[in-house]
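Read in our numbering, the sequence shown has -10 at position 10, and its numbers run on one by one without any break.
Structure first, commentary second.
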Amino acid sequence: MNPSETLIAQITHIAQEAAIGLLAKTGTVQPFGVIVIDNEPAPITYFPAEENPKASFAQWLDSVTREVKHRVSEGDVKGFAIVTAMEKGQQKVFAVQIEAAGNAFVLIYPYSKNDQGQWVVKEPQRAG
């Protein structure tokens, strides 16, 4: 893998695992961000629902967007993901919007509960 592919794979993996963790813990995926900063040993994850659990979904999403924009304005961001859930009727998905290494795309992960009550996350569909 070249460095760009490695960066995208790293961001994707962290976003996916964190979303699955939120599903297991809370039953939903509140908006959050993953930010990779140059010369930082580990990516930053930002979960506004932890700071302000009574905020609305829209407020959490706004907080994530503001945090990412702030970090990008500082000029040392190598890549980021914004993760959020969407539901329509019985269909549930979480979306991972990734921007890194000159690429921008969205991965859509359908999820549901199986007969044993465990969350099952299907393979993502790529948009963009």
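We put the CB at the ideal spot given by N, CA and C, even for glycine.
All values derive from a computational prediction rather than experimental measurement.
SER43 classed as buried or exposed, judged by whether at least 16 other C-beta atoms fall within 10 angstroms = Translated into the one-based positions of the sequence shown, residue 43 becomes position 63. Flag for SER43 reads buried.
Practice problem: Would you give the residue range spanned by the beta strand (DSSP E) that PRO90 belongs to? | Solution: In the sequence shown, residue 90 corresponds to position 110, counting from 1. 83 to 93 is the span of the beta strand (DSSP E), which, as asked, contains PRO90.
- Could you check what DSSP says for PHE60 in three-state terms: helix, strand or coil? Here residue 60 corresponds to residue number 80 of the sequence shown, with the count starting at 1. PHE60: strand per DSSP, three-state reduction.
query: Do the segment 27 to 42 and the segment 4 to 11 meet, that is, are 3 or more Cβ pairs less than 8 Å apart?
result: yes
ask   = Whole-angstrom Cβ separation of PRO65 and ILE78, contact assumed at under 8 Å?
value = For the purposes of this step, residue 65 is identified with residue 85 of the sequence shown, where counting begins at 1. For the purposes of this step, residue 78 is identified with residue 98 of the sequence shown, where counting begins at 1. The question names Pro, but residue 65 is Ala in the sequence shown. So it is not a contact: roughly 16 Å between Cβ atoms.
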